[in-house]
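**Q** In our numbering, the protein residues as written are 114 to 501. No residue lacks a Cβ here, since even glycine has one placed at the ideal position from N, Cα and C. Here it is, the structure in full.
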């Protein structure tokens, strides 16, 4: 990459030097997690490979890119070398919060699918993946992301979903994939609870939690989040029943058609790849204190989406709309993590190796997010507490 300035805003040699310095700082900071000199070298190799412009980023291609004659050492680093992926995850979270922490930040929970062949990879089975848009042979990872008011977004935590019947009902299969013998089944909402608990214990600053229908319709997760006094905006299915402020019981899909024209307000919920995301929105007060419901209507197709809001601070309608829109960045974060940091490029089968690759990819993506944050010119807040 040339250091010559081609036009205004082009990459310069000083940019490249700054990026290399940040990379060296990151490696020096995190390599203490690896006990042996060769493990630290493989860590640096793996990070360089994840950040390199390779079409696929796996043990073979990373080994070749970093000058190894064969992939065995890199594969051993993921599968056998002793190091703690959860401790590294905590370090990645601390690194992210030092650079992009925001008391108005939003936590976002979402699953993503990883297409796989065969039956030996931990947690794999034929199951529905929203990422793939179909039922397919895949693994599902549950993730917790973080977005601040400047639009910086990173992945903070991850859990591999292990299906109950096809895996926990087959101890030999679990043992073959390295699934810990003492691991018990957890639903994806339960995995999200555990991840939220970890960020709370770590003191991560945030103001809201957002999630899709899978989590919004789960009463256990909602109760947990409310018990922690965390404000949320979670999508819910169209047939969700609720009691409105007048005490009348109804379901969302019936209510939407009965709302008068003046119940709707046209608002932007953020900026996407094609500009501002503008929809019509309606806010309905619930019969329970601090609870509200929102309906979103497409200005083009009339398609509806529904949200359950827990708003103990009594923040504005505009703020609820912005938090609903903040859920999209996790999809963009998945796309960037897969395209730029090899999140889905792994070829490992073992349970621990999955966590290791995913955590290293999260670190690579966080490194890129930090560089992007440093390159921004002045404040660019996407939402504030003053939204009307």
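Please report the residue range of the beta strand (DSSP E) in which residue 504 lies.
**A** Since the first residue shown for the chain is 114 and the last is 501, residue 504 is missing from the structure and cannot be characterised.
**Q** Let me check understanding here. Comparing Cα to Cα, which of 233, 254, 205 lies closest to residue 241?
**A** 254
**Q** DSSP on residue 479, reduced to helix/strand/coil?
**A** helix
**Q** Taking 8 Å as the limit between beta carbons, can you name the residues of its chain near residue 385, skipping five residues before and five after?
**A** Excluding sequence neighbours, residue 385 sits near 441.
**Q** Which two residues bound the contiguous beta strand (DSSP E) that contains residue 405?
**A** 404–411 is the span of the beta strand (DSSP E), which, as asked, contains residue 405.
**Q** Alpha carbon to alpha carbon, what distance is there between residue 172 and residue 245?
**A** 24 Å
**Q** Does the beta-carbon of residue 331 have 16 or more other beta-carbons within 10 angstroms, so that it is buried, or is it exposed?
**A** buried
**Q** Could you tell me which residues DSSP puts in a beta bridge with residue 241?
**A** 248
**Q** Just the C-alpha distance for residue 424 and residue 353, rounded to the nearest angstrom, thanks.
**A** 19 Å
**Q** At what residues does the alpha helix (DSSP H) containing residue 288 begin and finish?
**A** Looking at the DSSP string, the run of the alpha helix (DSSP H) that includes residue 288 is 284–289.
**Q** How many Å lie between residue 232 and residue 341 at the Cα?
**A** 39 Å
**Q** Which same chain residues end up closer than 7 Å to residue 426 when comparing Cβ atoms and leaving out the 5 residues on each side of it in sequence?
**A** Short of 7 Å from the beta carbon of residue 426, and not among the five residues preceding or following it, lie these beta carbons of its own chain, in chain order: 344.
**Q** Please report the straight-line C-alpha distance between residue 234 and residue 360, rounded to a whole angstrom.
**A** About 50 Å.
**Q** Rank 389, 407, 285 by C-alpha distance to the C-alpha of residue 368 and give the top, closest one.
**A** If you compare the alpha carbons of 389, 407, 285 with that of residue 368, the shortest gap goes to 407.
**Q** How many angstroms separate the CA atom of residue 457 from the CA atom of residue 227?
**A** 6 Å
**Q** Give me, in chain order, the residues of the same chain whose beta-carbon lies closer than 6 Å to that of residue 323; leave out the 5 immediate sequence neighbours on both sides.
**A** 219, 221, 346, 436, 439, 440
**Q** Check residue 328 in the structure and name its three-state DSSP category.
**A** It is helical.
**Q** Between residue 377 and the rest of its own chain, which residues show a CB-CB distance below 6 Å, the 5 nearest in sequence each way excluded?
**A** These residues qualify, in order along the chain: 393, 395.
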